[in-house]
Every structure is written in structure tokens, then in C-alpha cells.
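Each residue of the sequence shown is one higher than the one before, starting from 579 at the first, in my numbering.
Don't be surprised by glycine CBs; every beta carbon is placed ideally from N, CA and C.
In this text the structure is predicted, and so the values were computed from the model without any measurement.
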Amino acid sequence: MKGEQLKNSGILIFSNLTVNLSNFLKQVIMAYYLGVSGYIDILLLAQIIPAIFQAMIGGGAGEILVTKREGSGYRTGSFEMVFIITCLVPVLLLCTGYYLLIDKFIPFFEINPESGGLLKDLSIIFLINAVPGTFNSILRPQLYSKGLYSFYAVATIISQATGILFILSFIDSMGVAAFAWGTLIANTINSVWFSFRSGLAFSVIFDLSMWRHEMQQLIKLMKRVFSLSLQTFLNYFGTLWERSYSVKYLTGGYLSSLNYSKTLSELPTTVLLSSILTTSYIEQVKLFKEDVSHFKSYTARTFSLIINLGFLFQVVMLLFAPLIIIFIFRRGNFDNRAVESTLTIFNILTVSFLPRLIVGYLSRTMYILGEYRKLLFANIVKVLVQVGIMVLFITTFRNTIPFAILFSTLSIALILFYLVNRSVRLAGWFLFLVRIIVITAVSLVLYKAHVLILPYYIERTNFEVLLIYMPGIILVSLAGLIYLSKTGKLSELLKKIKKK
């Protein structure tokens, strides 16, 4: 059983990484063809409102359906069908209301009529996308519960590849709209496959006796769904504010640079969250049920590992930030001006890499401890800090938004550490605070150093930049090999390679 669980966890991690890597590939394609432009800003702005509507209802509905449902239902697949249809109703109402009122929102962003028309056209595509997106959000946990991990992985890879192929085929003729249509196509393919594979009973949609039979449980679960909506809205509210203020107050293309930087800086976080934190969460849940003392010691050890790994990743990413940005993005329409803008934002966001890891780990720990209200409070503080900084400084400081993200992430990391540390002894509060301050200070020094030396290499070719960083690459590689050798992990790795 343990071997099967490990296999399923591996497939799940691979699937999630595939989705994130495909999204990252879309960013690279976008950078090549469109660079840093106001058109991408409009695309990102059009995307956020429908995404909020979908996430508010569908975000946690799938997990609720799997974990809180009681009984077998009227017939196989009947309750799942009723539940999805019921969840779609508020999503459709919200999307329809936004479409009818979108002309009222456009003047707030102070964009020209052409951009306003593009915003409306793209919004329609993303509003339609909320329907298959809701299906996918609800059915994904259903597939997991039935052990269909391999099917989910294959379906996800095919749908994402289809979306990317569509973008590459039509970007020259459709421009930025190709990305919106590519997203809709990928989600639609998944929703059709997921619906049939999960065994939804489409034939009972108009069966009134079935609705009466399932009504009591349906009401119970929908109450839980709506109770999670506020939490989900808070998670997206900061992003909504970032995109709105970027378009309204900053030059065209700034939101594009912010988006590239966020995607790239969050990719390593996603890798660690999908691997170390997924497996550690499973172990935490198990230990919490069996032995609380072992749960506490395991949680503290894992937290210490995350601090060390996070700091290491953060420093390496900051040291090689120029090389990363230039090698990944500088081609096609992504010129040196785009490199300069994106690199500056990327450096700032990378300073929040470790705090993001801490928040991800401690949030899951609080779920296990049942501290939902305290977690909600921490998220409210985070949003208030982020929005407050943006409102106060957006007109006076160009990079207010990434710094607002940094300080809001630091604030919730400190709050969650304080709350969890009261139940699980992670470390001394003063020691943790000093470590975070020192790590942040060192990271900010590296950020400032990049700003100062940027003019000296920005005009150099990619190969010349690689040569400049080659000594650093060699030193980091040697340090990694020495560490693996001293800990005995290098010999273990070599033995595994020889066996293969």
C-alpha cells in the first residue's frame, strides 16, 4: 500500500509540475512574440476577474465533495452531477453580471478606447473559460479519490500541449488573444475527459426525484463551499489590486514584466511545494493522528530543512538572476529594456522566496491543527499590508508593487510562525526573527548590487554574460558536490546510477 501511495504521489507531483512548466513555457512564448507590452497588460487584467469567480466557487468544492460527502447517492454519479450544476449557477450569475457591467469598470483603468475594446473581448473568452474551469476544479479531486492519477497526468499533458500548439499556430494572426483561446481550449478538453472518466450521470439532470433525494446533502455541502469563498477571494484580492494598479498608474508593459518575474520566481517554490511539502504533509497528517509528540518533532525538523533549503535557493537565484532572465527571455521582441524591467522586479520578488516557502508549509500545518480562523486572520493582515503599501506609494515609487508583495509575504510568514510555534515548538521566536532579518538584508544587498552593475553587462551578448558567470557556476557546482560527498549522498547517487 505504501508503494502504491508513493507511486501516486509521484504521478501527482509530475502532473502538477507539468502544468506549471507549461504555464511557464507560455510565458516564454509570450515574451518572444510580444515582449513587454500594454497588450499583455490587458490580457492579464481581463483574466483575473473570471479567475476569481471560478476559484471562489470551484476552488475548494472538489475537496469538500470528496471529504465531506455522506452516503452513495441516488445512483452512481448522480450527486456529483447535481453538485457541479449547483456550483455552476453562482459562477454563471457572477460572470453574466460582470459582462453586463464591464463597460462601467473600464473607465476606472483610464485606458484608451482600443485597449478598452480588447479588454472586453478577452474578458468574454475568460468568462466562458470559467465554466470548464469549474468542472476541472471540482472533478480533479474526484479522479484522485478513484485512483485515476495516471489518467489525470496523461489528460493534463495532452490538453496543455494542445493549448500551446494552438498558441504557436495562431499568435501571428490573433496576437495576444491566442493565449486566451489556448487556455479555453486546454480547459475544455480536460473538462470533457474528466466528466466522462469520473462517471457523471448526465441523464439525471432533469430528474426531479433525484434532486429531491439529494437536496439535503447538497445544501449542507454548498454551505461549506460558500464559507470558503471569502478565504479564496482574499487569496486573489492582492493579485486583482496588483493588476488594476499596474494598468492604471504605471507605464504600459510594467504588468507584463511583473507577470514574467512572478511566474519565474514562483516556479522553484512550486517545485518544492509539490515535492517536499506534499510528501511532508502526508506524513504530518499521519503522525498527527497517531502520535502528537512525533508530529511536533517531525514538523520542527522539516521546518528547519525548509529554512536551510529556502535560503540556499534564494541566494543562488539572486546571484544568477541576470543570467537566468537573459538566457530565458532575451530573444525576439524581449529587448534589453524588457530585461532591465523584468530583472529588477525578479530580484525583489526573489527576496520573498523563503517567506513564501514558510507560508506554504505553515499554512498546511495550520490546516492539520484545525486553526482555520487564525489562518484567515493572517491572510486578512497580509492583504491589508499589501494593498496599503500599494495605495500609499504607487504614485511615488515605481516598484511599489513587488515591494508590497515582499513585505506582505514577510508579514504573514512571521504571523504564521508565531501562531504555529505556540502549538508546535519550531524554534525560538527571537532567533527566528533575527534569521529572517539577516536573510532578507543579505538578499536586499544582492538585489541592490544587481541594480548598480546592470549597465555594465546589459549590452553584452548572451555568450559573454555566460562567460562572466562561469566562475560562479563552477564554484556553486563544486560546493554542491562537496556537500553531497560529506553527507554521503553522492555515493548513494552513484550506486543508484550504476545499478541502472
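Please decide whether residue i counts as near chain C, where near means a Cβ-Cβ distance under 7 Å.
i, result
"residue 839", "Note that chain C does not occur in the displayed structure, where there is just one protein chain."
DSSP three-state label for residue i, please.
i, result
"residue 614", "coil"
"residue 1074", "Confidence at residue 1074 is low in this model, with a pLDDT of 47, below 50, so the placement of that residue is unreliable and no value is reported for it."
"residue 784", "coil"
"residue 990", "helix"
"residue 1037", "coil"
"residue 942", "helix"
"residue 997", "helix"
"residue 1005", "coil"
"residue 596", "helix"
"residue 829", "coil"
"residue 1050", "helix"
"residue 637", "coil"
Rounded to a whole number of angstroms, what is the C-alpha to C-alpha distance between residue i and residue j?
i, j, result
"residue 659", "residue 783", "7 Å"
"residue 756", "residue 745", "5 Å"
"residue 711", "residue 1037", "43 Å"
"residue 936", "residue 993", "11 Å"
"residue 732", "residue 809", "31 Å"
"residue 991", "residue 907", "31 Å"
"residue 955", "residue 943", "15 Å"
"residue 1068", "residue 830", "Summary for residue 1068: the model assigns pLDDT 47, below 50, so the residue's position carries little reliability, and this model does not support an answer."
"residue 716", "residue 977", "37 Å"
"residue 828", "residue 799", "43 Å"
"residue 1053", "residue 822", "43 Å"
"residue 579", "residue 676", "Its pLDDT being 43, under 50, residue 579 is placed unreliably in this model, and the value from its coordinates should be taken loosely. If you take the alpha carbons of residue 579 and residue 676, they lie about 48 Å apart."
"residue 913", "residue 1043", "15 Å"
"residue 819", "residue 637", "20 Å"
"residue 863", "residue 946", "7 Å"
"residue 895", "residue 970", "30 Å"
"residue 621", "residue 964", "23 Å"
"residue 861", "residue 873", "8 Å"
"residue 767", "residue 691", "34 Å"
"residue 950", "residue 805", "11 Å"
"residue 670", "residue 596", "29 Å"
"residue 1020", "residue 928", "12 Å"
"residue 917", "residue 1024", "17 Å"
"residue 785", "residue 967", "53 Å"
"residue 666", "residue 889", "42 Å"
"residue 844", "residue 909", "22 Å"
"residue 998", "residue 878", "10 Å"
"residue 1031", "residue 750", "36 Å"
"residue 1015", "residue 981", "15 Å"
"residue 892", "residue 1018", "10 Å"
For the putative contact between residue i and residue j, defined by C-beta atoms under 8 Å, what is the C-beta separation to the nearest angstrom?
i, j, result
"residue 986", "residue 816", "7 Å"
"residue 961", "residue 812", "5 Å"
"residue 807", "residue 635", "7 Å"
"residue 593", "residue 738", "Between residue 738 and residue 593 the Cβ distance is about 10 Å, and since that is not below 8 Å, they are no contact."
"residue 709", "residue 919", "Actually they do not touch by this definition, with Cβ atoms about 35 Å apart."
"residue 700", "residue 624", "4 Å"
"residue 616", "residue 723", "At roughly 44 Å, the Cβ-Cβ gap does not stay under 8 Å, so residue 616 and residue 723 are not in contact."
"residue 988", "residue 933", "5 Å"
"residue 833", "residue 619", "4 Å"
"residue 940", "residue 995", "6 Å"
"residue 826", "residue 687", "5 Å"
"residue 754", "residue 612", "6 Å"
"residue 772", "residue 713", "6 Å"
"residue 836", "residue 979", "6 Å"
"residue 639", "residue 803", "5 Å"
"residue 1028", "residue 899", "6 Å"
Quiz item: With contact counted as at least three CB pairs below 8 Å, one residue from each stretch, are the stretch 690–705 and the stretch 618–634 in contact?
Solution: Short answer: they touch.
Self-check item: Uninterrupted alpha helix (DSSP H) stretches inside the stretch 719–779 (no shorter than 4 residues)
Solution: If we require 4 residues or more, the alpha helix (DSSP H) runs fully inside the stretch 719–779 come out as 727–752, 755–775.
Quiz item: Counting Cβ pairs, one atom from each stretch, are 3 or more of them under 8 Å apart for the stretch 895–906 and the stretch 915–932?
Solution: Output reads yes: the stretch 915–932 touches the stretch 895–906.
Quiz item: For the stretch 747–761 against the stretch 602–610, are there 3 or more C-beta pairs whose distance is under 8 Å?
Solution: Contact between the stretch 747–761 and the stretch 602–610 is present, with at least three C-beta pairs closer than 8 Å.
Quiz item: Hey, which unbroken runs of the alpha helix (DSSP H) at 4 residues or more fall wholly within the stretch 857–932?
Solution: With a minimum length of 4 residues, the continuous alpha helix (DSSP H) runs that stay inside the stretch 857–932 are 870–897, 899–907, 914–928.
Exercise. Could you tell me which uninterrupted alpha helix (DSSP H) segments, each at least 4 residues in length, are contained entirely in the stretch 948–980, listed from first to last along the chain?
Key: As far as the stretch 948–980 is concerned, its whole alpha helix (DSSP H) runs of at least 4 residues are 950–971.
Exercise. Within the stretch 653–699, note down every full alpha helix (DSSP H) run reaching 4 residues or more, in order along the chain.
Key: Complete alpha helix (DSSP H) runs here, min 4: 656–683.
Quiz item: Are there three or more Cβ pairs, one per stretch, closer than 8 Å when the stretch 863–883 is compared with the stretch 1004–1013?
Solution: Counting Cβ pairs under 8 Å, three or more are found: they touch.
Quiz item: Touching or not, the stretch 728–742 and the stretch 673–688, by the rule of three or more beta carbon pairs under 8 Å?
Solution: By the criterion of at least three beta-carbon pairs nearer than 8 Å, the stretch 728–742 is not in contact with the stretch 673–688.
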